[in-house]
Amino acid sequence: MNPFRRSPFVIAAAIFVYTFLYAPIIILILYSFNASRTNVTFEGFIPAFSDRIEMDGSLVKASPCGPFHWYCDLANNDDVAEAAGNTLTIAFTATIIATIIGTMAALALQRYNFKMKPFSQLSLYIPIVIPEIVMGIGILTLFSQFFGWANEAFSLQGDARLSLGIVTVTVSHIAFMVPFVTLVVQARLQGFDKSFEEAAMDLGANEWTTFRRVTFPMILPGVLSGALLAFTLSLDDFVITFFTNGPGSTTLPIYVYGLLRRIITPQVNALSTVWILVVFTAVLLLQILQSRDSKQHS
Amino acid sequence: MISEFAVEMRDVVKRFITPEGNEMAAVDHVTMKIKNGEFFSMLGSSGCGKTTSLRMIAGFEWPTEGEVFIEGKPMGHTPPFQRKVNTVFQSYALFQHMTIYQNVAFGLEMEGAKEEEIKKRVGRALDMVQLTGMDRRKPKQLSGGQQQRVALARALVKTPDVLLLDEPLGALDLKLRKEMQLELKALQQQLGITFIYVTHDQEEALTMSDRIAVMSKGKVQQMGSPVEVYERPANKFVADFIGESNFLEGKIRTISKDEATVFIPGLNAELTGMPVSDGLVKGEEVYVSIRPEKVRITEKNAINQNIFHAKVTNTVYIGADTHIYVEAHGVKLKVLEQNRISRLDPKSFYSVGQEVWLMLMPENTLLLKKD
Ligand SMILES: Nc1ncnc2c1ncn2[C@@H]1O[C@H](COP(=O)(O)OP(=O)(O)OP(=O)(O)O)[C@@H](O)[C@H]1O
Ligand SMILES: [Mg+2]
């Protein structure tokens, strides 16, 4: 048994970590059930169900959804639906493309020797270590320069003019996801023995069949881990999206930020709660995959 | 027309660039002709180029110079999946995400065989390696020896003309290895397939092979039957690598067509009636090579030719035999005596410090060039 289990220091540290990590989340969830519209203090749960919303000043007295009033409110909010749609579209598209590119990069770095290899490896860390805001500004500058030049050069007018939007957000997300996917897949490839591929070829499989039937299934857990990591990063991303989005490409983080600048109703908390559940499920899935993967390896 | 040779390596060189940037020849002008149905072994110490040679036959590497022929056809840059040879890998390389059945069926699927035929042939292959009923398991759920058999079945199910085996028994314990050696040999004889077998274990090579290529530093030192390489090693390396040998430095005093007289400075004596081999000349410095088990050791001097007085310096009892280390005028020799009589005191026969006589019978010795 762990001899430090009852040490006061360990207990204090645990309380400290759990308080600052999870108390905000619990309070956030609690406030999503707040009867108070202004949401400054917790005024108790919404007490009753009724056909229509009954208000008493800023307090909700009754609602068709009862305590889940703000969740219903959220469901009826078209802007949220659009933002959620954008977020998922961007996350899925970017994840698929970044996973393909990242996996190919990891495979190339593992099996070929080329002059720029050390540089390629190092360049993977650059997007991870430089501050996100710097990268955001960089990407924005690149797009506006390029769009300005292209609009000018091809004298594009009206709708044809290139501008920031869902495509630029997706491209930027792909850019910052690729290194993460590559590094995760690389870790998986570390112990990959090329004799598996040689065995497949020896038994009559050509290069493509070998990849499809042997290499890919063997690295699949790593690829999935990389993809899930990339996906959650995209769902969460605020800074880069902030710089690269345009009209009609608002994502959930951007939308919430916009709400916060006006009035904060418990709707924001309801939205955050739903979102936490989605991301938490994704991360849980990732964990399960990884632990199964490491069990297979040992 | 089918060639007499299953595989032929003609003057093959394989050079690698080392990480330090130098060029080194892993395989250096190797020529081997491997007959149909033969059990052929490549034997040599670590790094001598065995695996590289095998990989060039399989098609995983291409020769820098020279050519590999399979069934008489030059292989050039033919990829592995178009060569009618199959490999059993040292690490087995079983596909972990597939069942045993799927592993063995893989090669047949690649040929486009029909479901039913695959089923029949996989079943037969698994029967052959005594793994009946294991087809639903994953490789991780089998023991090392069983995995080894799966690797074998996976290669053999394709009925290749030639089976390449790279130290397939390396990971097994001694007892299982001995069993598998005999099984493999029996299987090879039953199927009539050419086996090219890589090993660094000389006993294994001697046990199983029809012919052995003894390799060192990328070169073939000698090619021949087990008896030939053991009893008539071509040079000091082979004599030393296959089994053990005592080497006495000497100089040829007289030489005729049939025999030579060699003076051994260390013993300050002459050995007469030595068998001669090609290219030896009078006055040449040579090694007189004699195997430990072929030195006759006695307590009394019976004859007066090729016999020397010596002193026992150490004895080691190892069950079936006793190793007796002796010294004659400063020349050290090892002698091996079978323990034919059951005795409790292992040192009762020859003891340290005992005076003995050593006989080097001419028919048991070899003269090897000093190079
Ligand atoms: N891909 C490679 N790049 C550079 N050098 C290599 C490569 N493959 C083999 N070598 C070198 O070639 C030499 C022969 O290697 P090889 O694997 O054929 O030896 P081996 O006889 O099979 O040895 P072992 O018994 O240890 O398996 C070694 O010195 C090795 O370092
Ligand atoms: Mg080897």
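Protein chains in written order, with the numbering used here: chain A, 1040 to 1337; chain B, 57 to 427.
Even glycine gets a Cβ: it sits at the ideal position worked out from N, Cα and C.
Residue i - containing beta strand (DSSP E), residue span
i	result
ASN159/B	Run containing ASN159/B: none in the beta strand (DSSP E); it sits in the alpha helix (DSSP H), 156-167.
GLY200/B	Taken as a continuous stretch (DSSP letters only), GLY200/B belongs to no beta strand (DSSP E), being part of the alpha helix (DSSP H) at 200-212.
LEU219/B	218-222
ILE308/B	302-311
ILE380/B	377-384
SER1183/A	Looking at the DSSP string, SER1183/A is not in any beta strand (DSSP E); the run it does join, the alpha helix (DSSP H), is 1171-1192.
LYS170/B	Note, LYS170/B: premise wrong, no beta strand (DSSP E); not H, not E.
SER1273/A	Looking at the DSSP string, SER1273/A is not in any beta strand (DSSP E); the run it does join, the alpha helix (DSSP H), is 1255-1275.
ALA269/B	267-272
Nearest-angstrom Cα separation, counted from residue j out to residue i
i	j	result
PHE1048/A	PHE1281/A	42 angstroms
ASP1241/A	ARG111/B	11 angstroms
VAL270/B	VAL276/B	6 angstroms
ASN1078/A	HIS1108/A	13 angstroms
CYS1104/A	GLY1083/A	15 angstroms
ILE1172/A	ALA1238/A	48 angstroms
LYS129/B	LYS140/B	11 angstroms
ARG210/B	GLN203/B	10 angstroms
LYS456/B	PRO348/B	Absent from the structure is residue 456/B, since the part of chain B shown begins at 57 and ends at 427.
ALA1062/A	ILE1068/A	10 angstroms
ASN302/B	VAL372/B	17 angstroms
GLU94/B	GLN1160/A	49 angstroms
VAL1253/A	LEU1325/A	23 angstroms
ALA1053/A	ILE1065/A	17 angstroms
ALA1051/A	THR1058/A	10 angstroms
MET57/B	ASP427/B	With a pLDDT of only 48 at MET57/B, under the threshold of 50, the placement of this residue in the model should not be trusted; the figure read from the coordinates follows. Looking at the two C-alpha atoms, the distance is approximately 43 angstroms.
ALA81/B	MET65/B	16 angstroms
SER1337/A	SER1330/A	With a pLDDT of only 44 at SER1337/A, under 50, the local geometry of the prediction cannot be trusted, and no value is derived from it.
ILE77/B	GLY103/B	Position check: residue 77/B holds Gly in this sequence, whereas Ile was assumed. Roughly 18 angstroms between the two C-alpha positions.
HIS153/B	ARG192/B	12 angstroms
SER1075/A	LEU1310/A	16 angstroms
GLU235/B	LEU247/B	18 angstroms
GLY1197/A	ASN1190/A	10 angstroms
GLU419/B	VAL344/B	12 angstroms
GLY339/B	GLY322/B	17 angstroms
Proximity test, Cβ basis, 8 angstroms: residue i and chain E
i	result
LYS129/B	Going by chain labels, chain E is absent from the structure shown, which instead holds the protein chains A and B.
Whole-number beta carbon distance between residue j and residue i, since they are thought to touch under 8 angstroms
i	j	result
LEU392/B	LYS292/B	Not quite, the Cβ-Cβ distance comes to about 19 angstroms (not below 8 angstroms), so this is no contact.
PRO1305/A	TYR1070/A	6 angstroms
LEU99/B	THR328/B	Contact doesn't hold; Cβ gap of about 34 angstroms is too wide.
LEU1203/A	THR1283/A	6 angstroms
ARG267/B	PHE61/B	Not confirmed; about 12 angstroms, so no contact.
VAL218/B	THR263/B	Going by Cβ atoms, the distance from VAL218/B to THR263/B rounds to 21 angstroms, so no, they are not a contact pair.
VAL1208/A	ILE1139/A	Contact flag wrong, Cβ pair sits at about 19 angstroms.
LEU230/B	VAL144/B	20 angstroms between Cβ atoms; not a contact.
GLY201/B	LEU228/B	6 angstroms
VAL351/B	VAL318/B	With a Cβ gap of about 16 angstroms, VAL351/B and VAL318/B do not count as contacting.
VAL1318/A	ASP1276/A	So it is not a contact: roughly 12 angstroms between Cβ atoms.
Range of the contiguous alpha helix (DSSP H) that encloses residue i
i	result
GLN394/B	Note, GLN394/B: premise wrong, no alpha helix (DSSP H); beta strand (DSSP E) at 387-394.
GLY329/B	From DSSP, GLY329/B is part of no alpha helix (DSSP H) but of the beta strand (DSSP E) over 325-331.
GLY280/B	Note, GLY280/B: premise wrong, no alpha helix (DSSP H); beta strand (DSSP E) at 275-280.
LEU400/B	Unbroken run through LEU400/B: none, as it is neither H nor E.
HIS1212/A	1205-1228
ALA1239/A	1234-1241
GLU60/B	No alpha helix (DSSP H) contains GLU60/B, which DSSP labels as neither H nor E.
SER1162/A	1156-1168
PHE293/B	292-297
ALA1244/A	Run containing ALA1244/A: none; DSSP gives neither H nor E here.
LYS426/B	Here LYS426/B belongs to no alpha helix (DSSP H), and DSSP marks it neither H nor E.
LEU414/B	Premise fails: LEU414/B lies in the beta strand (DSSP E), 411-415, not in any alpha helix (DSSP H).
Ligand 3 heavy atom lying under 7 angstroms from the CB of residue i
i	result
THR107/B	Judged by which ligands are present, ligand 3 is missing from the structure shown, whose ligands are ligand 1 and ligand 2.
Report task. Return the chain-ordered ranges of every alpha helix (DSSP H) run that is complete within the segment 1068-1153 of chain A and spans a minimum of 4 residues. Result -> 1108-1114 and 1117-1150
Requested in this report: Entirely within the segment 89-123 of chain B and at least 3 residues each: give me those beta strand (DSSP E) ranges in chain order.
Outcome: Fully enclosed beta strand (DSSP E) runs of 3 or longer: 95-100.
Query raised in the report: Any contact of the segment 144-158 of chain B with the segment 233-250 of chain B, i.e. 3+ C-beta pairs under 8 angstroms?
Result: no
**Report entry** Segment contact flag, the segment 395-412 of chain B with the segment 322-336 of chain B, C-beta cutoff 8 angstroms, min 3 pairs
**Finding:** no
Query raised in the report: At a cut of 8 angstroms, does the segment 1215-1222 of chain A reach the segment 109-128 of chain B through at least three beta carbon pairs?
Result: Too few Cβ pairs lie closer than 8 angstroms, so no.
**Report entry** Given 8 angstroms, three or more beta-carbon pairs between the segment 171-182 of chain B and the segment 211-224 of chain B
**Finding:** yes
Query raised in the report: When the Cβ atoms of the segment 410-418 of chain B are set against those of the segment 339-358 of chain B, are three or more pairs found closer than 8 angstroms?
Result: Taking one beta carbon from each stretch, the segment 410-418 of chain B and the segment 339-358 of chain B have 3 or more pairs nearer than 8 angstroms; the two touch.
**Report entry** alpha helix (DSSP H) runs wholly inside the segment 1274-1319 of chain A, at least 4 long, in chain order
**Finding:** Unbroken alpha helix (DSSP H) runs of no fewer than 4 residues, entirely contained in the segment 1274-1319 of chain A, are found at 1278-1283 and 1291-1300, following chain order.
Query raised in the report: Between the segment 1113-1133 of chain A and the segment 1264-1278 of chain A, are three or more C-beta pairs nearer than 8 angstroms?
Result: In short, these stretches touch, since the Cβ pair count reaches three.
Requested in this report: Assess, as a yes-or-no matter, whether the segment 1105-1124 of chain A is touched by the segment 1304-1320 of chain A under the definition of 3 or more beta carbon pairs within less than 8 angstroms.
Outcome: The segment 1105-1124 of chain A and the segment 1304-1320 of chain A touch, with three or more beta-carbon pairs separated by less than 8 angstroms.
Query - Contact the segment 1169-1187 of chain A vs the segment 1087-1098 of chain A: 3+ CB pairs below 8 angstroms - result: A contact between stretches requires three or more CB pairs, one per stretch, nearer than 8 angstroms, and the segment 1169-1187 of chain A fails this requirement with the segment 1087-1098 of chain A.
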